[in-house]
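**Student:**
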Amino acid sequence: NAGVTQTPKFRILKIGQSMTLQCTQDMNHNYMYWYRQDPGMGLKLIYYSVGAGITDKGEVPNGYNVSRSTTEDFPLRLELAAPSQTSVYFCASSYLAGGPGDTQYFGPGTRLTVL
Amino acid sequence: DAKTTQPTSMDCAEGRAANLPCNHSTISGNEYVYWYRQIHSQGPQYIIHGLKNNETNEMASLIITEDRKSSTLILPHATLRDTAVYYCIVRVRVRFGAGTRLTVKP
């Protein structure tokens, strides 16, 4: 298994540009998550999904959109990039939420800079 | 969700046991305690989890007090590669806190 994969690894955007961060998992997990991590800080949940077709907001959803058309893929969309969105973005997945099946597996991250 | 409190940073000598504490006094009966770590610039890595009983795996041991209001992650023989930020989480689904930055020194 490849686990959780993310593309791209690095990206520089200009203010106002759009992009999609890709996330794919091959573990047949129901739950998927997007986090952002600012320098020296902990992770903050942006959006999560409990299964194909179902998504919900996390702590910091403003400026982002998600979709979940398949179990494997959970792309994160930035429509109008702003400098405040400069961060490292991590995608994660888990079989369940809560309880012993809630172990989250993380991708390697996407480092995004908005100038 | 239960709030967790961890020290901001700790040091440990290489080869010695690293004991990382976590307070979670508001934990509810069905909430598990999870530990993750994040080595610089990488995605967080699962270490161990438990509900009531102490747990051990190939990476670490988890000691949970009888009242479940606190726990300790034990790395029995810390190496330089264990230098990382360690997160204690109750209710994994929602949020990670600031964690404890463990520095293992030679």
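Chains A and B, in that order, give the protein sequences. The first sequence begins at 1 in the numbering used here and counts up by one. The second sequence begins at 1001 in the numbering used here and counts up by one. Even for Gly, the Cβ is constructed at its ideal location relative to N, Cα and C. Bear in mind the structure is a predicted one, so any value in this text is a computation, not a measurement.
#1: Starting from the beta carbon of F74 (chain A), find every residue of chain B whose beta carbon is closer than 9 Å, and list them in chain order.
#2: Identify which residue in A:T7, A:G51, A:T20 has its Cα closest to the Cα of S69 (chain A).
#3: Where do the N-terminal and C-terminal ends of the beta strand (DSSP E) with L115 (chain A) fall, by residue?
#4: Return no unless some Cβ of chain B is closer than 7 Å to the Cβ of F10 (chain A).
#5: Spatial neighbours of H29 (chain A) within its chain, please: C-beta separation below 8 Å, excluding the five flanking residues on both sides.
#6: Name the chain B residues whose beta carbon is nearer than 8 Å to that of G109 (chain A)?
#7: Could you spell out where the beta strand (DSSP E) holding Y89 (chain A) opens and where it closes?
#8: Suppose the cutoff is 7 Å on Cβ atoms and the five residues either side in sequence are ignored; what does the same chain contact list for L1075 (chain B) look like?
#9: Relative to the alpha-carbon of H1040 (chain B), which residue among A:V88, A:G58, A:D102 has its alpha-carbon at the smallest distance?
#10: How many angstroms separate the CA atom of P39 (chain A) from the CA atom of G1097 (chain B)?
#11: What residues are listed by DSSP as bridge partners for L1051 (chain B)?
#12: Could you pull the start and end residues of the beta strand (DSSP E) that D1011 (chain B) belongs to?
#13: Mapping DSSP to helix, strand and coil, what is L80 (chain A)?
#14: Assuming contact is defined by CB atoms lying nearer than 7 Å, are V66 (chain A) and Q85 (chain A) in contact in what I supplied?
#15: Measure the C-alpha to C-alpha separation of L13 (chain A) and S1025 (chain B) and round it to an integer number of angstroms.
#16: Return no unless some Cβ of chain A is closer than 7 Å to the Cβ of A954 (chain B).
#17: What residues from chain B crowd round T103 (chain A), counting only those whose CB sits closer than 8 Å?
#18: Quick check on DSSP: helix, strand or coil for R68 (chain A)?
#19: Could you name the residues of the same chain whose beta carbon sits closer than 7 Å to that of T5 (chain A), not counting the 5 residues immediately before and after it, in chain order?
#20: Does L13 (chain A) come within less than 7 Å of chain B when only Cβ atoms are used?
**Tutor:** This is what the structure gives:
#1: Residues of chain B passing the Cβ test: none, with the nearest at roughly 15 Å.
#2: A:G51
#3: Careful: L115 (chain A) lies outside any beta strand (DSSP E) and carries neither H nor E.
#4: no
#5: T71, S93, S94, Y95, Y105
#6: S1041, Q1042, G1043
#7: 87-94
#8: A1017, A1018, A1060, D1082
#9: A:V88
#10: 14 Å
#11: The partner list for L1051 (chain B) (beta bridge, DSSP) is empty, contrary to what the question assumes.
#12: 1009-1013
#13: coil
#14: no
#15: 43 Å
#16: No answer is possible for residue 954 (chain B): it lies beyond the span of chain B, which begins at 1001 and ends at 1106.
#17: Y1034, Y1046, H1049, V1092
#18: coil
#19: T24, G107
#20: no
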